[in-house]
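Chemist: Take a look at this one; I'll ask things after.
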Amino acid sequence: MTERSHESHENVPSRQRRRFTGISSRAYEHPADRSALVALRKLSGFDTVFKTLSGLLPERSLRLLFLSDSVRVSDAQFAHLNDMLRDACYILDLEKVPPMYVNQDPQPNAMCIGLDEPIIVVTTGLVELLDEEEMRAVVGHEVGHALSGHAVYRTILLFLTNIALKVAWIPLGNVAIMAIVTALREWFRKSELSADRAGLLVGQDLQASMRGLMKIAGGNHLHEMNVDAFLAQADEYEKGGDLRDSVLKILNLLPRSHPFTTVRAAELKKWSETRDYQRIMDGHYPRRDEDKDTSVTDSFRESAAHYADTVRTSKDPLMKLVGDIAGGAGDLGGKLRDKFTGQGGGSAGKGGATDGSADSAGPEEPRNPDGPGTGSGPAGS
């Protein structure tokens, strides 16, 4: 691979964008993503050991595959994408510009993979779907993955997912692998929120980021879509229904590597309105040369504070219940039952014709709210 740098590169876009010299990925990383990555980076030799144990990872084959069957972005091919890539690396101060390929695939997608060096791949479906500023945010998103070191874990996730399919017939053989895959997917969903933030720092155009996410969700029909209505969907999704809906949300999310698009849009807009974002834009942000001094304890404490705030402010029924339990709410069994059934008072389970047998059951009654019908099993799993 030819090494490329942006040392002589100047801002390509017609309007000037801020450059974040020496910016650390900690500046834009989601708290859960950040705490996981800091912990991994502090484990001496973790990546080396992981690569050794994962010696079967066909990285060279992967690079040769893209080189032989995709179009490498350069000054001569997809020059506008090459300009965006170099500009994104310039803004985030990434010294080495990673190779980028365009792959023929009608499905709009982009990814950053690789063990030794990151490779960025975008599909023709994505290139044809997005306009210049929307695409700039996506390229910034992928460069954010590269700066954060996500490519290694993304590659491992792809590899393990493929292995899981091949050993699915072996009793218990798939269970251990899928446990790792599930954990990696949970981390990767958080890393997508981080990369969305990086995309905004590169594009510096919130509306373009919103439009891009809307197009990924609903296709190239912007005249039929509205950003406010799209964000309202995320609010409705979070509020939606009772605990049964909360459990269904979890089950729907587990097999996905990406968060739902409306949720990504809402999270990005929320972050763009924070003081943290404004401080970055004003030039006050964590720098790479301070990364070695990052405290794992402080990172986990910040992550815990974020989750506590999420539980406190969430409109999701399950999160509200978690908050109530943490706050010492009484009659948890009755509260769980009422949340699942949508009933109001704690005594709603008594006094009806259908509850006559329960009333005569004496000591057996308290077991009903916590029985199999409550759905506590799926929620716990």
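The sequence shown begins at 1264 in our numbering and counts up by one.
No residue lacks a Cβ here, since even glycine has one placed at the ideal position from N, Cα and C.
Quick caveat: nothing in here was measured; it's all calculated off a predicted structure.
Please name the residue in Arg1538, Leu1330 and Leu1355 whose C-alpha comes closest to that of Leu1465.
Modeler: Checking the displayed sequence, the identity of residue 1465 turns out to be Val instead of Leu. The residue with the shortest Cα to Cα distance from Val1465 is Leu1355.
Chemist: Could you check whether the stretch 1397-1409 touches the stretch 1449-1463, counting it as contact only if at least three pairs of C-beta atoms, one from each stretch, sit closer than 8 Å?
Modeler: Verdict: yes, contact present.
Chemist: Quick check on Thr1525: does DSSP put it in helix, strand or coil?
Modeler: Thr1525 falls in the helix class under three-state DSSP.
Chemist: Would you list the one or two residues that DSSP bridges to Ile1479?
Modeler: None, per the DSSP bridge assignment.
Chemist: Is the Cβ-Cβ distance between Thr1525 and Ile1479 less than 7 Å?
Modeler: Not a contact, by the Cβ cut-off of 7 Å.
Chemist: Drop a sphere of 10 angstroms on the beta-carbon of His1486, count the other beta-carbons inside from all chains shown, and report buried for 16 or more, exposed for fewer.
Modeler: Answer is exposed; the Cβ neighbour count stays below 16.
Chemist: How close, in whole Å, do the beta carbons of Pro1549 and Ala1351 come, if the pair is a contact with beta carbons under 8 Å?
Modeler: Their Cβ separation, rounded to whole angstroms, is 19 Å, which puts Pro1549 and Ala1351 out of contact at 8 Å.
Chemist: Compute the Euclidean distance between the alpha carbons of Ala1497 and Ile1419, then round it to the nearest angstrom.
Modeler: So the two alpha carbons sit approximately 30 Å from each other.
Chemist: What does the alpha-carbon distance come out to for the pair Asn1345 and Asp1332?
Modeler: Rounded to the nearest angstrom, the two C-alpha atoms are 18 Å apart.
Chemist: Do Arg1280 and Gln1470 have their CB atoms nearer than 7 Å?
Modeler: It is not a contact, given that the beta carbons lie outside the stated cut-off.
Chemist: How is Asn1345 classed by DSSP in three states: helix, strand or coil?
Modeler: Three-state result, Asn1345: helix.
Chemist: Mapping DSSP to helix, strand and coil, what is Met1363?
Modeler: In this structure, Met1363 counts as strand in the three-state DSSP scheme.
Chemist: Do you know how far the Cα of Glu1449 is from the Cα of Ala1592?
Modeler: Because Ala1592 carries a pLDDT of 44, less than 50, the predicted location of this residue cannot be relied on, and the following value inherits that uncertainty. About 29 Å.
Chemist: DSSP state of Val1336, grouped into three classes?
Modeler: Val1336 falls in the coil class under three-state DSSP.
Chemist: Please return the same chain residues whose Cβ sits closer than 8 Å to the Cβ of Gly1285, not counting the five positions on each side in sequence.
Modeler: Excluding sequence neighbours, Gly1285 sits near Asp1356, Arg1550, Arg1551 and Asp1552.
Chemist: Is the beta carbon of Arg1335 less than 7 Å from the beta carbon of Tyr1364?
Modeler: For Arg1335 and Tyr1364, yes; Cβs fall inside 7 Å.
Chemist: Is it the case that the Cβ atoms of Arg1474 and Pro1522 are separated by a distance below 7 Å?
Modeler: Cβ distance not < 7 Å, so Arg1474 and Pro1522 don't count as in contact.
Chemist: Kindly list the residues whose CB is nearer than 6 Å to the CB of Asn1366, restricted to its own chain and excluding five residues on each side of it in sequence; keep chain order.
Modeler: Here the set comprises Ser1333, Val1384 and Thr1386.
Chemist: The alpha helix (DSSP H) that contains Thr1387, what's its start and end?
Modeler: First-last of the alpha helix (DSSP H) with Thr1387: Thr1387 to Leu1392.
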